[in-house]
Amino acid sequence: MFPSPSQFEEYLNQLESLDLEEENSEEALDDLFQKLETLPIVSYPLPSDFPMTRARLNNDGERFDHVSQVWHKPEELNNGFGRASNPNNNVLYCAFDPYPDNKSTDKPVERITALCEVSDIYFTNPDETISETVTFARWFPGQQLNLVCPFDFSRLSSESPILEDMNQAYSNIVNEYEEYEDQITRFHTFIANQFAKHPIEEEHEYKITALFTEMIMEKGFDGVIYPSVKTDLRGFNVAVNSNIVEDNFNLFAVCECTHYLKQDYSFVNNDLLTSEIKEDGSFQLLPLEHPYTLPEEQVQKIIESNII
1 MFPSPSQFEE
11 YLNQLESLDL
21 EEENSEEALD
31 DLFQKLETLP
41 IVSYPLPSDF
51 PMTRARLNND
61 GERFDHVSQV
71 WHKPEELNNG
81 FGRASNPNNN
91 VLYCAFDPYP
101 DNKSTDKPVE
111 RITALCEVSD
121 IYFTNPDETI
131 SETVTFARWF
141 PGQQLNLVCP
151 FDFSRLSSES
161 PILEDMNQAY
171 SNIVNEYEEY
181 EDQITRFHTF
191 IANQFAKHPI
201 EEEHEYKITA
211 LFTEMIMEKG
221 FDGVIYPSVK
231 TDLRGFNVAV
241 NSNIVEDNFN
251 LFAVCECTHY
261 LKQDYSFVNN
271 DLLTSEIKED
281 GSFQLLPLEH
291 PYTLPEEQVQ
301 KIIESNII
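The UniProt record's numbering puts the first residue of the sequence shown at 1, with every later residue one more than the last.
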């Protein structure tokens, strides 16, 4: 039996007031999500050839040489709550550009978004140039992905075909379920705000989004799309079921880079690139040559010329 609007309101009140530090909060969340699972939610079919980027920091001089190092976290290390993952539900986190046909900017939104999500220095505003090594992996889904879109649609523009389709899907849902419009909007907005939480101080603050993602995957969805709060919603993130990644995703290229930062100016120099990706998943990163990479002196000149 479909709950009434007032019943949904009560479930949402309980969800919004839940103390995530309580010992039984996970069980309470599971129970509430089961009660809310019939409330319609927007989804989007991301095409099989749509590119997305995963970024990883290279710590202590490490270098990646296998597909398994640039996709989802190893199962044995997936032992806590993340933005869309928990010990029972592993995902691949990637970034993508929701404005892929926008020619008004030459900024690589997809790569910037991925970098913002992992960088240790991006938001530090240092007086002197500092740097870090980061590896970008470019992926293609290999199949159409049915992804849930828990957005605050009052803040979503329609400046690209992707966003226009998402807005239309939302309008279709609230028109079809007009009696439940307030509850549908409230649920979307609440979950969107949870995905936008920043900074996260304690792991329990991820519980709502992590268990929400698990719930929608159990219902048959492939993952979730959420705007990147670190890019002021300009870039989007996607979290995809790790089983789908292993069975269908295709790795296109891997590039090791140096990320430089001085004050608020950020520059990424390409250093190494895959020559080929072998059937066993291994690859070798080879040095790039000019103009695909720049010498250190030229990089420093570019940085200094952009500091006001």
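Even glycine gets a Cβ: it sits at the ideal position worked out from N, Cα and C.
This structure is a prediction, so every number in the text was calculated from the model and none was measured.
Cut-off 7 Å between Cβ atoms - residues of its own chain near residue i, not counting five sequence neighbours on either side
| i | result |
| --- | --- |
| Phe2 | Thr38 |
| Gln143 | Ser48, Asn248 |
| Leu32 | Tyr11, Gln14, Leu15 |
| Cys149 | Val42, Ser43, Tyr44, Met166, Ile225 |
| Met215 | Phe33, Glu37 |
| Val147 | Position check: residue 147 holds Leu in this sequence, whereas Val was assumed. Only Ser43, Tyr44, Leu46, Phe221, Asp222, Gly223, Val224, Ile225, Val238 meet the Cβ criterion. |
| Pro141 | Leu46, Ser48, Phe50, Asn248, Phe249 |
| Pro98 | Ser160, Ile162, Leu163, Phe236 |
| Lys73 | Asn90 |
Separation of residue j from residue i, as counted between CA atoms
| i | j | result |
| --- | --- | --- |
| Tyr226 | Val238 | 6 Å |
| Asp222 | Ser242 | 9 Å |
| Ile184 | Glu246 | 33 Å |
| Leu270 | Gln263 | A small fix is needed here, since residue 270 is Asn in this sequence, not Leu. Spanning the two alpha carbons is a distance of roughly 21 Å. |
| Arg138 | Val254 | 6 Å |
| Asn88 | Asp30 | 13 Å |
| Asn79 | Thr213 | 16 Å |
| Trp71 | Phe252 | 12 Å |
| Tyr260 | Asn306 | 12 Å |
| Glu279 | Ile173 | 44 Å |
| Val240 | Asn125 | 32 Å |
| Leu286 | Ser85 | 33 Å |
| Tyr177 | Glu202 | 37 Å |
| Leu233 | Glu75 | 30 Å |
| Lys219 | Gln168 | 22 Å |
| Ile208 | Ala196 | 12 Å |
| Arg83 | Glu205 | 9 Å |
| Phe267 | Pro199 | 24 Å |
| Lys107 | Pro100 | 11 Å |
| Phe123 | Tyr265 | 10 Å |
| residue 309 | Leu156 | Residue 309 cannot be examined here, being either before or after the span of the chain that is shown, 1 to 308. |
| Asn175 | Glu26 | 33 Å |
| Glu21 | Val299 | 47 Å |
| Tyr170 | Asp152 | 10 Å |
| Thr258 | Asp127 | 18 Å |
Buried/exposed call for residue i, threshold 16 Cβ in 10 Å
| i | result |
| --- | --- |
| Tyr292 | exposed |
| Pro295 | exposed |
| Gln194 | buried |
| Asn24 | exposed |
| Asn90 | buried |
| Ile112 | buried |
| Arg63 | exposed |
| Leu211 | buried |
| Leu77 | exposed |
Cβ shell of residue i (< 8 Å), same chain only, five flanking positions each side left out
| i | result |
| --- | --- |
| Glu16 | Phe190 |
| Glu179 | Pro5 |
| Asp120 | Leu57, Glu132 |
| Met217 | Asn89, Gly223, Asn241 |
| Glu117 | Ala55, Tyr93, Ala95, Ser228, Lys230, Asn237 |
| His290 | none |
Residues that residue i bridges to, as DSSP identifies them
| i | result |
| --- | --- |
| Met52 | Trp139 |
| Tyr11 | BP columns for Tyr11 are empty, so no partner. |
| Tyr44 | Leu147 |
| Asn86 | Asn89 |
| Leu57 | Val134 |
| His66 | Ser282 |
| Pro287 | Leu272 |
Heavy atom of the ligand SAM within 7 Å of residue i beta-carbon
| i | result |
| --- | --- |
| Val268 | This structure lacks the ligand SAM, and indeed carries no ligand of any kind. |
6 Å Cβ shell around residue i - same chain, five flanking residues per side excluded
| i | result |
| --- | --- |
| Leu273 | Cys255, Leu288 |
| Ile277 | Leu251, Phe283 |
| Ile130 | Ile121, Leu261 |
| Glu110 | Thr53, Ala95, Phe96, Asp97 |
| Leu145 | Leu46, Asp222 |
Next item on the list: List in chain order: all unbroken alpha helix (DSSP H) runs of 4+ residues lying wholly within the region 89–176.
Entry: 109–118, 161–176
Item checked: Minimum length 4: unbroken alpha helix (DSSP H) runs contained in the UniProt domain "Malectin" (197–279) -> 207–218, 242–248
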